[in-house]
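Visitor: Sequential numbering of the sequence shown, starting at 163, is according to the working numbering.
All C-beta atoms in this analysis are idealised placements derived from N, C-alpha and C, irrespective of residue type, glycine included.
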Amino acid sequence: MRLSPELESLTVPDWIKRLPKAELHLHLEGCASAETLVALARANSRAELPLAEVRERLAYSDFAGFLEAFKYVSQQLRTPADYAFLLRELLASLHRQNVLYAEITLSAGVVLWKRQDLDSVFAALRDAAEQARKEHPVEVCWIFDATRQLGAEHVAQVAESALRWQDAGVVAFGIGGDEQQGPPELFRATFEKIRAASLRATVHAGETAGPESIWAALRTLGAERIGHGLAAFRDPELLDYLATKQVPLEVCPTSNLRTGALALQTGSDDLRQHPLVDYCRRGLRVTLNTDDPGLFDTSLNQEYALAHGLGLGREDLIGVAENAFASAFCEPKLKRALLERFRAGVAVLPTTDKS
């Protein structure tokens, strides 16, 4: 197909914007920026939140500090309507970036920890997504996430909630939080139960812990996708396994930089040390994600631009984008339709890198 001069001359940012994309590792609560929280308080006629104060609360210098910032955001989400407010902003942002599909992680365990009604929160989110569909037609599925350091009983409770909403858009269950706390063996029975019910499994692993965390996610919990997988480069056998089995990795470069995970794993906070490009060259099934875009001041388009700057060409980025659609947990009919839309969108894009 001969492309128009306009398409042939697209700059990298414009090309990325036109590239159809999917995102698989995206925490709803982490989409809230300081400005979003101020707007949320104002919309609900609550006490004014000074922007400078909120920014200070969201500042952090390590992974523990990041978890505290995430906790602060969660504490501002007090009603189901607050969660819906955040989702509407997120869907508008995704639509502007030409994201066709998103699997959004709800920190269901945190909702329960706050003693909020998880069913009411999720019902509000479903309604908000449906209402936003005409203006921001992003296909959405949900992942319920538990916090591993809160223990086995907590994780099991979140899994029960995920199973209860399985027929209403919840496609997967996962665990996040501090990898150093809560050995995978504690959660084996819960993951066996959700897999027996055909609910999919994704596990944060190899973010702040070593390759052994990824192996445990795969062997003990039966994870079908790995959240982050940053530490995999430290184990050649694991790299071979991931490449051979084509286990999808939900890679989040800016997140790894901002939380200090990159420096922890590589000894450097230079993004050029991130293993993203090497993973792609080795044939691992890499997907690009933002993780917590509000807290990391990023977007999916920015992650693709970053990957291009690190050495991935346009054909590489097309492959990464296709990986995301192919690795989605949605039902097969929707996946086929999304892949068709993706391929149609790519067919009109140039693949030669411009200066």
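Count the other CB atoms within 10 Å of the CB of Gly445; is the residue buried (16 or more) or exposed (fewer)?
Guide: By one-based count along the sequence shown, residue 445 stands at place 283. Under this definition Gly445 is an exposed residue.
Visitor: Provide the residue(s) that pair with Tyr263 in DSSP beta bridges, ordered along the chain.
Guide: Within the sequence shown, numbered from 1, the residue matching residue 263 stands at position 101. Ala184, Glu301, per the DSSP bridge assignment.
Visitor: Strictly by DSSP, which residues pair up with Leu412?
Guide: In the sequence shown, counting from the first residue as 1, residue 412 sits at position 250. Here the sequence assigns Glu to residue 412, which means Leu is not the residue at that position. Glu412 pairs with Gly389, Thr449.
Visitor: Hey, Leu400 and Pro373: beta-carbon distance below 7 Å or not?
Guide: Taking the first residue of the sequence shown as position 1, residue 400 is located at position 238. Taking the first residue of the sequence shown as position 1, residue 373 is located at position 211. In this structure, Pro373 lies closer than 7 Å to Leu400 by Cβ.
Visitor: Can you grab the Cα-Cα spacing for the pair Arg310 / Gln342, in whole Å?
Guide: Taking the first residue of the sequence shown as position 1, residue 310 is located at position 148. Taking the first residue of the sequence shown as position 1, residue 342 is located at position 180. Approximately 9 Å, taken between the alpha carbons.
Visitor: From Leu474, Lys497, Cys492, pick the residue whose C-alpha is nearest to that of Ile178; which is it?
Guide: Here residue 178 is taken as the residue at index 16 of the sequence shown, counted from 1. That would be Leu474, whose Cα lies nearest to the Cα of Ile178.
Visitor: Cutting at 8 Å between CB atoms, please list the residues of its own chain near Leu500, excluding the five before and the five after it.
Guide: Translated into positions along the sequence shown, residue 500 becomes position 338. Excluding positions up to five away in sequence, the list reads Ala184, Leu262, Tyr263, Glu301, Phe487, Ala490, Cys492.
Visitor: Out of curiosity, what's the CA-to-CA distance linking Pro212 and Phe458?
Guide: Locating residue 212 in the sequence shown gives position 50, where the first residue counts as 1. Locating residue 458 in the sequence shown gives position 296, where the first residue counts as 1. Whole-angstrom Cα-Cα distance: 20 Å.
Visitor: Using 8 Å as the threshold, is the segment 282-295 in touch with the segment 237-256, meaning 3 or more CB pairs across them?
Guide: Taking 8 Å as the limit for Cβ pairs, the verdict is that the segment 237-256 does touch the segment 282-295.
Visitor: Please list, in chain order, all residues of the same chain as Glu354 whose beta carbon is under 8 Å from its beta carbon, the five residues on each side excluded.
Guide: Taking the sequence shown and counting its residues from 1, the one referred to as residue 354 is at position 192. Excluding positions up to five away in sequence, the list reads Gly384.
Visitor: Using C-beta distances below 7 Å, list every residue in its chain close to Glu477, excluding the 5 sequence neighbours before and after it, in chain order.
Guide: What you label residue 477 is simply residue 315 of the sequence shown in a count that begins at 1. Cβ neighbours of Glu477 beyond the five flanking positions: Thr513.
Visitor: Just to confirm the assignment: which complete alpha helix (DSSP H) runs, minimum length 4, are found wholly within the segment 293-343?
Guide: Fully enclosed alpha helix (DSSP H) runs of 4 or longer: 314-326.
Visitor: Taking the DSSP output, what are the residues bridged to Ala363?
Guide: Indexing the sequence shown from 1 puts residue 363 at position 201. For Ala363, which the question treats as bridged, DSSP gives the partners Phe335.
Visitor: The alpha helix (DSSP H) that contains His470, what's its start and end?
Guide: Along the sequence shown, one-based indexing puts residue 470 at 308. Its alpha helix (DSSP H) spans residues 462-472.
Visitor: Is the beta carbon of Leu438 sitting closer than 7 Å to the one on Val413?
Guide: Position 276 of the sequence shown, counted from the start, is the residue given in the question as residue 438. Position 251 of the sequence shown, counted from the start, is the residue given in the question as residue 413. Going by C-beta atoms, Leu438 is nearer than 7 Å to Val413.
Visitor: Given this structure, state the Cα-to-Cα distance separating Leu404 from Arg396, to the nearest angstrom.
Guide: Numbered from its first residue, the sequence shown carries residue 404 at position 242. Numbered from its first residue, the sequence shown carries residue 396 at position 234. Cα-Cα distance, rounded: 13 Å.
Visitor: From Asp453 to Pro415, what does the alpha carbon distance come to, in whole angstroms?
Guide: Position 291 of the sequence shown holds residue 453. Position 253 of the sequence shown holds residue 415. Straight-line Cα distance between these residues: approximately 9 Å.
Visitor: Span of the alpha helix (DSSP H) holding Gly456?
Guide: Start at 1 with the first residue of the sequence shown, and residue 456 comes out as number 294. Segment 455-458, the alpha helix (DSSP H) holding Gly456.
Visitor: Considering Cα atoms alone, identify which of Glu218, Val216, Ile337 is closest to Ser269.
Guide: Reading the sequence shown from its first residue, position 107 is the one you call residue 269. The candidate whose alpha carbon is nearest that of Ser269 is Ile337.
Visitor: With DSSP as the reference, label Leu239 as helix, strand or coil.
Guide: Your numbering for residue 239 matches position 77 in the sequence shown. In this structure, Leu239 counts as coil in the three-state DSSP scheme.
Visitor: Could you pull out every residue in the same chain whose Cβ sits closer than 6 Å to the Cβ of Thr352, ignoring the five residues on either side in sequence?
Guide: The sequence position of residue 352 within the sequence shown is 190, counting from 1. These residues qualify, in order along the chain: Val317, Ala318, Ala321.
Visitor: Compute the Euclidean distance between the alpha carbons of Leu433 and Gln464, then round it to the nearest angstrom.
Guide: Residue 433 sits at position 271 when you count from the first residue of the sequence shown. Residue 464 sits at position 302 when you count from the first residue of the sequence shown. Those two C-alpha atoms are separated by around 14 Å.
Visitor: In the structure shown, what three-state DSSP assignment does His436 receive?
Guide: The residue given as residue 436 occupies position 274 in the sequence shown. Residue state, collapsed to three classes: coil.
Visitor: Mind checking which residues open and close the alpha helix (DSSP H) that includes Ser375?
Guide: Residue numbering aside, residue 375 sits at position 213 when the sequence shown is read from its first letter. Taken as a continuous stretch (DSSP letters only), the alpha helix (DSSP H) holding Ser375 covers 373-381.
Visitor: Is the separation between the beta-carbon of Asn485 and that of Arg447 shorter than 7 Å?
Guide: Residue numbering aside, residue 485 sits at position 323 when the sequence shown is read from its first letter. Residue numbering aside, residue 447 sits at position 285 when the sequence shown is read from its first letter. Yes, the Cβ-Cβ distance between Asn485 and Arg447 is below 7 Å.
Visitor: Tell me which residue opens and which closes the alpha helix (DSSP H) that Tyr222 is part of.
Guide: Translated into the one-based positions of the sequence shown, residue 222 becomes position 60. It is not in any alpha helix (DSSP H) - Tyr222 carries neither H nor E in the DSSP assignment.
Visitor: Relative to the C-alpha of Arg362, which candidate in Arg387, Val235, Tyr222 has its C-alpha closest?
Guide: By one-based count along the sequence shown, residue 362 stands at place 200. Closest option to Arg362, Cα to Cα, is Arg387.
Visitor: Rounded to the nearest angstrom, how far is the Cβ of Ile305 from that of Ala334, given a contact under 8 Å?
Guide: Here residue 305 refers to the residue found at position 143 of the sequence shown. Here residue 334 refers to the residue found at position 172 of the sequence shown. The pair is a contact, with the Cβ atoms about 4 Å apart (cut-off 8 Å).
Visitor: Which word fits Val510, buried or exposed, when buried means at least 16 other C-beta atoms lie within 10 angstroms of its C-beta?
Guide: By one-based count along the sequence shown, residue 510 stands at place 348. Exposed is the call here.
Visitor: Quick check on the DSSP output: the alpha helix (DSSP H) that includes Pro212 runs from which residue to which?
Guide: Along the sequence shown, read from residue 1 onward, the residue named residue 212 stands at position 50. No alpha helix (DSSP H) holds Pro212; DSSP gives it neither H nor E.
Visitor: How many whole angstroms separate the CB atoms of Ile376 and Leu325, which I take to be in contact at a CB cut-off of 8 Å?
Guide: For the purposes of this step, residue 376 is identified with residue 214 of the sequence shown, where counting begins at 1. For the purposes of this step, residue 325 is identified with residue 163 of the sequence shown, where counting begins at 1. About 25 Å separates the two Cβ atoms, so there is no contact after all.
Visitor: Ends of the alpha helix (DSSP H) at Val272?
Guide: Working through the sequence shown from its first residue, we reach residue 272 at position 110. Element bounds for Val272: 270-275.
Visitor: Can you tell which of Ala254, Ser236, Phe247 has its C-alpha closest to the C-alpha of Gln278?
Guide: In the sequence shown, residue 278 corresponds to position 116, counting from 1. Answer by Cα proximity: Ser236.
Visitor: Which one of Ala209, Leu248, Gly339, Leu479 has the shortest CA to CA distance from Leu450?
Guide: On the sequence shown, position 288 is the one that residue 450 refers to. Ranking the options by Cα distance to Leu450, first place goes to Leu479.
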